Structures are given as C-alpha cells and as structure tokens.
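In my numbering, the protein residues as written are 13 to 622. Read the structure below first, then the notes.
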RNA sequence: GCCCUCGUAGCUCAGUUGGAUAGAGCGAUCGCCUCCUAAGCGGUAGGUCACAGGUUCAAUUCCUGUCGAGGGCACCA
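Following this line, the structure appears as structure tokens:
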C-alpha cells in the first residue's frame, strides 16, 4: 500500500515569479527528452530553483544541470548549455548565465519586479495566500494544559506558536481545526478538588497541614472562598476525621522526614477521604467548581491573547462515549495487551518504544495514556488528513508510545506530527527571572501580557525556532526603540500611514494609478531591494507553513521593515514629480500591505500611527 | 546507562529541507535630523560553523563517533 507523502500538495501556482521560471525549465527538459538528449526511461526531476544569495549570481539559480549530469551522462556545463538553449523565450528573464560547476543563473527583468507591486495591490489581504494545502483537513492541538491552575509563560509560548502555525497553514490552503484537549478527568483534577476543599476547611477555621502535593496557589484560596460564600460552614468537617490514619506525607520545607513518608499515597488517601466525607454529590460539586473556574480563566486568558479554538475536547467525554474502552478492546483483539502484576499492559516495545506501558492500573483506574490512545484514535476517526500535536519539550519521551499505539490500532501513525516547544526563560535587567512551580512563584501568561502587551508577547514567543530555548528579554519587549523588533516592524507600517497622512495634508493626489503604470520609474537601488524583498513574501509564507516555522516570518518582516526604513531615509516619497510620486506611493502601499498581512498571521496589530 | 533536542561573531539567533565569498540584531566603535515620526539610517571591527572521520561534483546542512549544554527515561498528568 502506498504511503502518502508527508504533505500532499498542489503545485505552487501562486508563487508566480518563481513558478514561471520552473515552468520554463520543465519545458526545456521535455524538449531535451524529446530530442533524446536525456536517458529515455529516466523520470524527469522537478527542477529546484532557489533565490540567489549573491546578486552577482542573478535573481534565481538552479542546480538542475548538476543533478542531471549523471543521468544524462554529460558534463554539467554542457548540459546546462543545452538546457538554456532549450528554454522557451520569456519576457521575465533578461539574461541567463552558466557558472561553475554547473549552476544556471537567471537575471530577471525589472518589469518582473514592478509587476509584484501590482499583484500585491490587486490581491490586498490575500497576497501571500495560496492553495497548496488543497483544502486538506489538518488538526492542530496545542496548549492543552491541565486545568489545575492559570496558564504560565511556558504555555504562552505553545499558545503563540500553535496559533501562528494554524494561521500559516490556513493561509496556504489547509482546512485547519484548532483544538484544546481538556484533561478534566484525571487524578490531578482530584488533587485540585481536594486542595480546594482543604482550603475551604481552613476558611471555616480548621487548622490543618496542607499536603506537599496539593496545589498551593492563591487561586485555590479564591475558589475555596467562593465555596465558602455559597455554603458557609455547612460542609465543614472536623479535620481529625480527614487526617487520622493517613499514610504520612513527604516533608515540606523545615519538616523532618517521617518513616514511610510518601506524598503520593498521602494525597491519594486525602482524595479518598474527601470523597467519603463529602459524599458523591458534594465532592462532584467541589470538583466541578474548581475545574470550571480555572477553565473559564484559561479560556478568557487565551481569548485575550488572540487564540481561538474550534473545539475544547473533554477527556471525560472519551470515557463517557466508550471510546477508551473501544480503543482498549481494539488493542486487546489485536493481541497487543497482556496482564502482569495485576495491571494491563500495552506491548509498545513491539513498535519501537523503550518499554511496555500500563493502560489499566492495578487499582482498576485507566492511565492518562489510555485516554490518550483513545483521543488519538478519535482524531484519526474524525477524518483529519493530518494531525499536529504541539507539546512541551519535556513530553518528548511520550511520542514513541503514542505512535506505537496508533500503529497497533492499524492506523497510519505518519499522519501524526508532534512538534515540541522548548521552555521560555524570562530575563529582567539581564537576570533570569526565577520560576519554580513548587514554590508557586511562576509567572503567569496574564502577568506577562500585562507587562509587555499582547503584540510583543506574540512576536517574541515565535521569534525563535520552537525547539530552541527562548530567552525572553522583558526589558527589550517593553522598550520603544528600534532594538525592539516588534516596534521596528510596526513602526514601518505606521510610517507608511504617516506619509499618506502628510500627503493628504499637502492635498497631494495619492490615489494610485492603475496597473503597472509609472512603475518603471522605480529605479533606485533601495527600490530594487525593496521590490525583491516584497516578491519573496509568498515563498516565505509557504515554507514557514510547511515547516511549521513562524520565526521565518518574523525574520522576514524585520528584513522588509529594514528595507523600508533604509529607503525612507534615503529618498523623499512625496516629491514634486507626480509620476515618480505615484510610483513611490504604490511601492510603499504595497510594502504596507505585506507588513500588514505578515503581522496579521502573527496575530500582531499593524498600527496606523505610533 | 539509554533516548531526544541543541552546539554558528563577545551576547541572542538566522542560514532558503546538500550549493557559489557563512548572515542579521544587540553590545563595541565612528558618523547622519533647516528634510514625509531619529520609535529611523549608514560605516568599521568581530568566525577553525564544538571536535574527528565518512558519504559526493559540492557538507554549517546528511551519516558515525567523541566532547559539552538542556530535557526525558512512572501502575503522574
């Protein structure tokens, strides 16, 4: 059975400039093949065309002759000459050159670049969008933090990265479905509920020793206060009933260790006590209050951060719908499960995992992994062509077992991509901001947004490759200077708007002329550079999307802004020569459009003035 | 010990999925506002791409090994 290529894509018809040249090369190859100058049966390669790094090498270059040399049993240079000779004439290309050891370099006509301005102005906010995704359905799951507390800055990076990747994929024609997996069923949620209840008892006036494994954040007190407001002391119990006979907890700071101390056994016993003393209904109420309060906070936080999901998928619903049992049955009937030490194990080592994994614990409880198998089975059953999971890098060891499970289920595990996001480290005054979950002194996403603003947070988060540790300089993110890449790019956008306002004040006509009119007047070096950069934008969006690398876009926008600022410093736009002025205004309008489109994909505002 | 990610200028990072003389920003240093926002621009200095092999026309890029950094190796989520 044929395995589908990682990304099945339509040809990049929308990348006009580049694709036009590729078409010419393909025509040349077909010509050579027809003449018998190439091996008869050999398949023709798709020409690889790249932007020349050095302007001495023209605008584009291809290594086609070198790649083909062996196949054609010819010397690269000679083959290059044959290819060039076989190429149909085109007004795009002004000069072709063959360089050692066999590169074919293309020099483009100025008119080809002038046409880019026209294309941008005609396409507007659609410039850079394409259809290479061909409407394939892609699911992107990201953040998915346990609703046991507010999002912190680490989640923020996943949120920014995930949402920009989704934007990029949508821009190149994929049908994107963003999803947050809500872990609303697991033991961690029981620990949260129990933490809330213990704080409630404290509010009732009970004195108790808070468990080392409990959630200690202030938000737990807030939820407990809500509970106390609603029910007063009615749900109060004597703490002696809660704590007597419990296995000892691990020591917290300043305590000495007790014999047999085990924080896990201790907290599990506390959960059991909470369930027993509260009864099912009341326990469930406390549990739900904690879950819903925090989940509402997370939803609100992400919405304010400009992150929107199509779906919030409940882990609990997987159990309720029977999906978890169904997944386990499928594994069982496939012979992939076995019992040992009272637990049910999945033989993941048969699919390359390091060790086998438990799916049902000795005590009968499903593991998180069991739900996750069901969840990923469900994702593929929902018909997504591709599934992208974005996880914190600390979960990387989890990938082989999830892929193993999909294989064991008979699914195509290559449809799942897991992207890992490294941690973000905050710096203030050049010093690392200490963050430790244990001490409860982590910085929340909300605090970060309040401090540096949404735009800076979004931009900084995706500035680096995701598998790279991110040094997040808070002072830089807040600074209003060209050192700050967000302001630098936004300022370029605002500057164009400012120029247009100036023109209006001077009552100059700034309605741009139609089509390519007057663009031949753009002859300055700075204008050439800007045009070249503008023409690259669709290629940038495409590679950033396919490689899931938003940083390519931030990098590009800096370059574009730089080209613009340089141009701005070197030349007046609102010149007396009306024809030249028209051409320049069209160029800066096109620049503003591309800045706006790029910032839009990043979820960063494009201000009219600063 | 095993696995994953990473190692590029003093610092933070790019490097077009193997291409031609390895690039930005910051910091350092020298300059530019009677001119559309100086929240801007330009010049100079700064490199054994961690190291050693291999693959080929071509390696910062792919493979192997060594060294170094971070993370992961639960009947936790």
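All C-beta atoms, glycine included, are put in the ideal place defined by N, C-alpha and C. For clarity, every value in this text was computed on a predicted model and none was experimentally measured.
For residue 318, the closest of 470, 31, 356, 64 by C-alpha to C-alpha distance is 470.
For a cut-off of 8 Å, the C-beta gap from residue 515 to residue 586 is around 5 Å, short enough to register as a contact. Collapsing the DSSP output to three states places residue 518 in coil.
Residue 544 places its beta carbon 8 Å or farther from that of residue 501. Listed in chain order, the non-local C-beta contacts of residue 240 below 8 Å within the same chain comprise 212, 215, 216, local neighbours out to five positions each way being set aside.
Selection 614, 198, 353, 610 evaluated against residue 139 yields 610 as nearest (Cα-Cα). Between residue 198 and residue 299, the beta carbon gap of about 12 Å keeps them out of contact (Cβ cut-off 8 Å). Sorting 35, 195, 596, 566 by C-alpha distance to the C-alpha of residue 532 places 596 at the top.
The way I'd put it, the segment 334-350 does touch the segment 378-387; three or more beta-carbon pairs between them come closer than 8 Å. A distance below 8 Å between beta-carbons, with the five flanking residues on each side excluded, links residue 372 to the following residues of its chain, in chain order: 340, 355, 356, 378, 379, 382. Going by DSSP, residue 563 is part of the alpha helix (DSSP H) stretching over 563-582. Scanning its chain for C-beta atoms nearer than 6 Å, with the 5 sequence neighbours on each side dropped, one finds around residue 179 the residues 613, in chain order.
In the assembly as shown, residue 308 is an exposed residue. Its beta-carbon has fewer than 16 other beta-carbons within 10 Å. With respect to the C-alpha of residue 601, the residue from 129, 145, 98 having the closest C-alpha is 129.
Within the same chain, Cβ atoms closer than 8 Å to the Cβ of residue 163 are found at 155, 157, 171, 310, 313, 314, 456, 457, 458, the five residues on either side in sequence being excluded. Residue 549 holds the alpha-carbon nearest to the alpha-carbon of residue 141 among 566, 549, 582, 71. In the assembly as shown, residue 443 is an exposed residue. Its beta-carbon has fewer than 16 other beta-carbons within 10 Å. Annotation for residue 460: 165, 168, 469 place their beta carbon closer than 7 Å to its own, counting only its chain and skipping 5 residues before and after. Residue 464 has its alpha-carbon roughly 46 Å from the corresponding atom of residue 104. In the DSSP assignment, residue 108 falls within the unbroken beta strand (DSSP E) covering 105-111. Across the set 274, 187, 218, the C-alpha of 274 shows the shortest separation from the C-alpha of residue 225. In terms of CA proximity to residue 245, 236 leads the group 236, 281, 200. DSSP lists 432 as the beta-bridge partner residues of residue 403.
In the DSSP assignment, residue 209 falls within the unbroken alpha helix (DSSP H) covering 199-215. Classified as exposed, residue 350 has fewer than 16 neighbouring CB atoms from the shown chains inside 10 Å of its CB.
Contact annotation, residue 328 with residue 196: C-beta distance approximately 5 Å; criterion of less than 8 Å satisfied. Counting the other Cβ atoms within 10 Å of the Cβ of residue 345 gives fewer than 16, which makes it exposed. Within 10 angstroms of the beta-carbon of residue 618 lie 16 or more other beta-carbons, which makes it buried. If you compare the alpha carbons of 404, 414, 592 with that of residue 390, the shortest gap goes to 414. Looking at the backbone, the Cα of residue 254 and that of residue 301 are separated by about 21 Å. For residue 280, the three-state secondary structure derived from DSSP is helix. Spatial neighbours of residue 69 in its own chain (CB-CB distance under 6 Å, excluding positions within 5 residues in sequence) are listed in chain order as 117.
The C-beta separation of residue 482 from residue 437 comes to about 7 Å, placing the pair in contact by the 8 Å criterion. When secondary structure is reduced to three states using DSSP, residue 297 falls in the helix class. Straight across, the Cα-Cα distance linking residue 574 with residue 509 is about 16 Å. The beta carbon of residue 518 sits closer than 8 Å to the beta carbons of 586 from its chain, once the five residues preceding and following it are set aside; these are given in chain order.
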